[in-house]
RNA sequence: CGGGAUGUAGCGCAGUCCGGUAGCGCGCCUCGUUCGGGACGAGGAGGUCGCAGGUUCAAAUCCUGUCAUCCCGACCA
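Numbering (the working numbering), first residue to last: 1464 to 1952.
Below, the structure written as structure tokens:
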């Protein structure tokens, strides 16, 4: 077989790379750490974008666009923020190339007066702009989102999960009151949770980040964390309450109803193409990609089967009628009537690309007025009546969607455990990985010690902590409630 | 950025130790037969062996450098 996917149990990383390659999602680019997103991968991203964008609009946001380049000086305005991003910035220093005997070189004459940073995130340039937009409480809130690419100079990259350039959306909002900004942060976290669970069929834990995992410049970072099949957690989205940090750094003030001048309150929130990595590692199997119907670029593929010209015309006519019927029913359906590939080849191809449902139609089906219907998630097949497909298929797609979610939820639940002692914690990590609830004394030192010794980090602190006191598994000090640990991507 | 591994045709690999002018499978092109789970036969195209130097009569093979990818660490969405 030319298309070989490494088994998950044998080498999970290689399996992941095989899926990305065989499902034609992306490939490496000539530039280190960057990727070419291929049509299959981009179609998936477009579906995610479309859905998220609708959800952002429904919650009152508008899209805008801010520049790729940020003056270097902007980055130094918020102390924590600089510290967080300084180590991973691409810097533009010159504006011109010239020919020399060594080929094309940078023209030393073209050195920029002020060097430009390629945005690693846009808080600085946006808050510099918001200063001009805000004078009065009447100018608030500002509820904007932008779809953009950003660059972070990473040491170690993996397709979709961590690339130097990635696509994302970043929401940036400005509010008159702290409460309003806090509400916004939680509202967007909820949008992410619902997108992950209802569309990606990827169950997530929501929670707060500990101080050391917090976004540089944020007062609080909220996140959604998903558990992958190999027992490692993936931070899939973040929503930050920025307090007045950026307003103070960029001097964004407004005159309130009471006549007093105040600093604006801020949030920012984002998800990226990393979600595609999460999607792959949540549902796919050793046969290839498995996609949830709500996001699959093609939800149903129809594969015709024939032996001769006479059969071909009958089968094509039959298949085409089904195609039109499903299309009219609003289903993303593809009629794979290419003559140059055999049915068996098409079956395998659509399987590896993760198309949720496959309909095979041959002469026998035309005669019996049936079709063969196969599910990608369960690999099961059934013969069903041709009549009523336009009603049955949408139902089945929803069944597949919820079955995928349920299976992932069950897996995640099995991968979520608690540990009372540090020994037990380490054993669980090494044996199974997964999420582990454990008591922690709340100090950065202990968190750091656990990270150094086990490579596990605190993924979330509970949003609404319930009283469940215990002793820190490392220091034995008092802990008000357990927190969620895991090794992560 | 440190430790390990690997770069040979679109993809997967052999050949490298022991230097002699490049091969296999899949894919691709043409024709015919095929078509209900990756068809078969016949013919054919395709490679400055990652790149740059060096040693040599001769380098995929030896030496130096460099770039990229993968795995493991440190950093991060």
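Backbone N, C-alpha and C fix where the C-beta goes; we use that ideal spot for every residue, glycine too. Only a predicted model underlies this, so the values are computations on that prediction, with no experimental measurement involved.
- Buried or exposed: where does residue 1464 fall if 16 or more other Cβ atoms within 10 Å of its Cβ makes it buried? Taking the first chain and counting its residues from 1, the one referred to as residue 1464 is at position 1. A caution first: residue 1464 carries a pLDDT of 35, below 50, which makes its placement in the model unreliable, though a value can still be read off. Flag for residue 1464 reads exposed.
- Task: Drop a sphere of 10 angstroms on the beta-carbon of residue 1921, count the other beta-carbons inside from all chains shown, and report buried for 16 or more, exposed for fewer.
- Result: Position 458 of the first chain holds residue 1921. Residue 1921 is buried by the Cβ-count criterion.
- Identify whether residue 1629 lies in helix, strand or coil by the three-state DSSP scheme. Position 166 of the first chain holds residue 1629. Residue state, collapsed to three classes: strand.
- Quick one: Cα of residue 1851 to Cα of residue 1827, how far? The residue you call residue 1851 lines up with position 388 of the first chain. The residue you call residue 1827 lines up with position 364 of the first chain. Cα to Cα, residue 1851 sits roughly 18 Å from residue 1827.
- Query: Does the region 1796–1805 come close enough to the region 1700–1717 that 3 or more CB-CB pairs lie under 8 Å?
  - Reply: no
- Helix, strand or coil for residue 1708, going by three-state DSSP, please let me know. As a first step, residue 1708 must be located in the first chain, where it is residue number 245. In the structure shown, residue 1708 sits in a helix (DSSP, three-state: H, G or I).
- Item | Segment limits, alpha helix (DSSP H) that includes residue 1808 | Translated into the one-based positions of the first chain, residue 1808 becomes position 345. Per DSSP, residue 1808 belongs to the alpha helix (DSSP H) from 1806–1815.
- Between the Cα of residue 1943 and those of 1571, 1905, 1475, spot the shortest distance and give me the residue it belongs to. If you number the first chain from 1, residue 1943 lands on position 480. Nearest of 1571, 1905, 1475 to residue 1943, Cα basis: 1905.
- Message: For a minimum of 4 consecutive residues, which ranges assigned as the alpha helix (DSSP H) are wholly contained in the region 1706–1777?
- Response: 1708–1712, 1737–1746
- Query: With distances taken between CB atoms, is the gap from residue 1635 to residue 1644 smaller than 8 Å?
  - Reply: Counting from one through the first chain, the residue named residue 1635 turns up at place 172. Counting from one through the first chain, the residue named residue 1644 turns up at place 181. No, the pair does not count as a contact, with Cβ atoms beyond the cut-off.
- Apart from the five residues on each side of it in sequence, which residues of its chain come closer than 6 Å, Cβ to Cβ, to residue 1478? Residue numbering aside, residue 1478 sits at position 15 when the first chain is read from its first letter. Counting only Cβ-Cβ distances below 6 Å, and skipping sequence neighbours, we find 1469, 1471.
- Query: Where does the unbroken beta strand (DSSP E) through residue 1481 begin, and where does it stop?
  - Reply: What you label residue 1481 is simply residue 18 of the first chain in a count that begins at 1. Counting along the chain, residue 1481 falls outside any beta strand (DSSP E), though it belongs to the alpha helix (DSSP H) covering 1475–1485.
- Query: From which residue to which residue does the beta strand (DSSP E) around residue 1596 run?
  - Reply: As a first step, residue 1596 must be located in the first chain, where it is residue number 133. Looking at the DSSP string, residue 1596 is not in any beta strand (DSSP E); the run it does join, the alpha helix (DSSP H), is 1586–1596.
- Message: Helix, strand or coil, according to DSSP, for residue 1850 in the structure here?
- Response: Position 387 of the first chain, counted from the first residue, corresponds to residue 1850. Residue state, collapsed to three classes: coil.
- With which residues is residue 1942 paired in a DSSP beta bridge? The count along the first chain starts at 1 and reaches residue 1942 at position 479. Its beta-bridge partners are 1933.
- C-beta atoms of residue 1735 and residue 1630 nearer than 8 Å: Taking the first chain and counting its residues from 1, one reaches residue 1735 at position 272. Taking the first chain and counting its residues from 1, one reaches residue 1630 at position 167. Result yes, Cβ atoms of residue 1735 and residue 1630 sit closer than 8 Å.
- Item | When 1928, 1940, 1947 are compared against residue 1919, the one with the closest alpha-carbon | By one-based count along the first chain, residue 1919 stands at place 456. Answer by Cα proximity: 1947.
- Please look up how many angstroms separate the CB atoms of residue 1710 and residue 1544, rounded, as I've assumed it's under 8 Å. In the first chain, counting from the first residue as 1, residue 1710 sits at position 247. In the first chain, counting from the first residue as 1, residue 1544 sits at position 81. Actually they are not in contact, since the Cβ atoms of residue 1710 and residue 1544 sit about 13 Å apart, beyond 8 Å.
- Message: Give me the DSSP bridge partner(s) of residue 1686.
- Response: On the first chain, residue 1686 is found 223 positions in, with the first residue counted as 1. In the DSSP output, where bridge partners are listed per residue, residue 1686 has 1670, 1701.
- Query: Is DSSP giving residue 1823 helix, strand or coil here?
  - Reply: Within the first chain, residue 1823 is the residue found at index 360, counting from 1. Of the three classes helix, strand and coil, the one that applies to residue 1823 here is strand, per DSSP.
- Item | Start and end residues, alpha helix (DSSP H) containing residue 1535 | Within the first chain, numbered from 1, the residue matching residue 1535 stands at position 72. Run containing residue 1535: 1535–1538, per the alpha helix (DSSP H) assignment.
- Query: In whole angstroms, what is the alpha-carbon distance linking residue 1870 and residue 1488?
  - Reply: Along the first chain, one-based indexing puts residue 1870 at 407. Along the first chain, one-based indexing puts residue 1488 at 25. Straight-line Cα distance between these residues: approximately 24 Å.
- List the endpoints of the continuous alpha helix (DSSP H) containing residue 1909. In the first chain, residue 1909 corresponds to position 446, counting from 1. 1907–1917 is the extent of the alpha helix (DSSP H) around residue 1909.
- Query: Count the other CB atoms within 10 Å of the CB of residue 1786; is the residue buried (16 or more) or exposed (fewer)?
  - Reply: As a first step, residue 1786 is located in the first chain; it is residue number 323 there, counting from the start. It is buried - the Cβ of residue 1786 has at least 16 other Cβ atoms within 10 Å.
- Query: What residue does the beta strand (DSSP E) around residue 1608 start on, and which one ends it?
  - Reply: Counted from its first residue, the first chain places residue 1608 at position 145. Unbroken beta strand (DSSP E) run through residue 1608: 1605–1614.
- Query: So residue 1511 is in the alpha helix (DSSP H); what residue range does that whole segment cover?
  - Reply: Taking the first residue of the first chain as position 1, residue 1511 is located at position 48. Segment 1502–1521, the alpha helix (DSSP H) holding residue 1511.
- Kindly indicate the opening and closing residues of the alpha helix (DSSP H) around residue 1655. Numbered from its first residue, the first chain carries residue 1655 at position 192. Note, residue 1655: alpha helix (DSSP H), 1641–1657.
- Task: Using alpha carbons as the reference points, say which of 1712, 1674, 1664, 1804 lies closest to residue 1742.
- Result: Locating residue 1742 in the first chain gives position 279, where the first residue counts as 1. For the residues 1712, 1674, 1664, 1804, the minimum Cα distance to residue 1742 belongs to 1664.
- Query: Taking buried to mean at least 16 other C-beta atoms within 10 Å of its own C-beta, is residue 1691 buried or exposed?
  - Reply: In the first chain, the residue the question calls residue 1691 occupies position 228. It counts as buried.
- Message: Taking the beta carbon of residue 1808 as the centre, do at least 16 other beta carbons fall within 10 Å, making it buried, or is it exposed?
- Response: Locating residue 1808 in the first chain gives position 345, where the first residue counts as 1. Flag for residue 1808 reads exposed.
- Three-state secondary structure (DSSP) at residue 1578? As a first step, residue 1578 must be located in the first chain, where it is residue number 115. Reduced to three states, the DSSP call for residue 1578 is strand.
- Item | Residue interval of the beta strand (DSSP E) (run including residue 1898) | Residue mapping note: residue 1898 aligns to position 435 of the first chain, counting from 1. 1898–1902 is the span of the beta strand (DSSP E), which, as asked, contains residue 1898.
- Where residue 1524 falls: helix, strand or coil (DSSP): Translated into positions along the first chain, residue 1524 becomes position 61. Correct three-state label for residue 1524: coil.
- Message: What would DSSP say about residue 1818, mapped onto helix, strand or coil?
- Response: Counting from 1 along the first chain, the entry for residue 1818 is found at position 355. Note: residue 1818 maps to coil in three-state DSSP.
- Does the count of Cβ pairs from the region 1889–1897 and the region 1683–1698 closer than 8 Å reach three? yes
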